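>
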Amino acid sequence: MNQLSEKKERHISSKSIEKKRSRKPLSPQQQKKKQLKLQQQRRKKQIMNVSLGVLVLFSLLFLLNIRTHYVDGESMMPTLQNKDKLLIFKTQKIDRYAIVTLKPKNKPNEMYIKRVIGMPGDVIWLDKGDLYINHQIQKKPSSLKEGQLPDGTIKVNIDPLVSMELSAKEKIPDDYYFVMGDNRNNSLDSRKFGLVNKDQIEGKLALRYTPINKFGFVN
């Protein structure tokens, strides 16, 4: 059996050698086409590798900069409901009226979700326990009558301790924000605990992912 198989192998190998010898050499044009095809294959492979690398990089950045939270309470109603599940994008680049998550100073293990009402540089003034915020003017107006307040003025009633904190200020300082819940009658926010430093802010609301029928971006 061994001898027969050896003869067959020799017979096959001799045929393959004959075939190789019988092949005609490629013409210059054929060689050029072959090289071009090989170059295209290499280029496709490089593009696929680069694309895969970019995808992995963006996936890692996404995972590192996204946090998940669920709403516990009614302070952001009707915008957000109790038990809504959210994706938060970690950033300290905050826009006016953005919904943000933050750590209160006196409760560092908790996380609040509020809306940014006052930004650094906004003009502020106090009158009888009320705080006025305006981002459209350069200084406090001379008249405090409600009917004569400049456009864009927001008036909120604040805690006496917060009033003392802000009494000497004419503008919201750099890196500080005034935040409030959308449910003004049931929200613990800057009216009670004062301005929020940017270092307390975790990030901005990216989207709500449950309940499914409310999936999407939230303003």
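For what it's worth, the numbering used here labels the leading residue of the sequence shown as -3, then goes sequentially. C-beta: ideal position from N, C-alpha, C; glycine also. Since the model is a prediction, treat every value here as computed from it, not as a measurement.
(1) How many Å lie between residue 70 and residue 135 at the Cα?
(2) Exposed or buried, what is residue 95 when buried is set at 16 or more other beta-carbons lying within 10 Å of its beta-carbon?
(3) Is residue 213 buried or exposed, if buried means 16 or more other CB atoms sit within 10 Å of its CB?
(4) Can you grab the Cα-Cα spacing for the pair residue 242 / residue 163, in whole Å?
(5) Between residue 113 and residue 150, which are expected to be in contact by the criterion C-beta below 8 Å, what is the C-beta distance as a whole number of angstroms?
(6) Cα separation between residue 89 and residue 153?
(7) Beta carbon of residue 50: closer than 6 Å to some heavy atom of the ligand FMN?
(8) Taking 8 Å as the cut-off, does the region 177 to 190 touch the region 202 to 211 (at least 3 CB pairs, one atom from each stretch)?
(9) Does DSSP classify residue 32 as helix, strand or coil?
(10) If we require 4 or more residues per run, which alpha helix (DSSP H) segments fall completely within the region 47 to 86?
(11) Measure how close the beta-carbons of residue 67 and residue 82 come, nearest whole angstrom, since I'm counting them as under 8 Å.
(12) Based on Cα-Cα distance, which residue from 92, 176 and 111 lies nearest to residue 132?
Put simply:
(1) As a position in the sequence shown, residue 70 is number 74, starting the count at 1. As a position in the sequence shown, residue 135 is number 139, starting the count at 1. Whole-angstrom Cα-Cα distance: 35 Å.
(2) For the purposes of this step, residue 95 is taken as the residue at position 99 of the sequence shown. Flag for residue 95 reads buried.
(3) Counting from 1 along the sequence shown, the entry for residue 213 is found at position 217. So residue 213 ends up on the exposed side.
(4) An answer regarding residue 242 cannot be provided, because it is not within the stretch -3 to 215 covered by the chain.
(5) Taking the sequence shown and counting its residues from 1, one reaches residue 113 at position 117. Taking the sequence shown and counting its residues from 1, one reaches residue 150 at position 154. The beta carbons of residue 113 and residue 150 sit about 6 Å from each other, so the pair counts as a contact at 8 Å.
(6) Along the sequence shown, one-based indexing puts residue 89 at 93. Along the sequence shown, one-based indexing puts residue 153 at 157. Spanning the two alpha carbons is a distance of roughly 27 Å.
(7) Ligands displayed in this structure: none; no statement on the ligand FMN is therefore possible.
(8) No: fewer than three Cβ pairs fall under 8 Å.
(9) Stepping through the sequence shown from its first residue, residue 32 is reached at position 36. The three-state secondary structure of residue 32, taken from DSSP, is helix.
(10) Here no run is fully enclosed.
(11) Locating residue 67 in the sequence shown gives position 71, counting from the first residue. Locating residue 82 in the sequence shown gives position 86, counting from the first residue. The Cβ separation is near 7 Å, so the contact holds.
(12) Walking along the sequence shown from the start, residue 132 turns up at place 136. When C-alpha distances from residue 132 are compared across 92, 176 and 111, the shortest belongs to 92.
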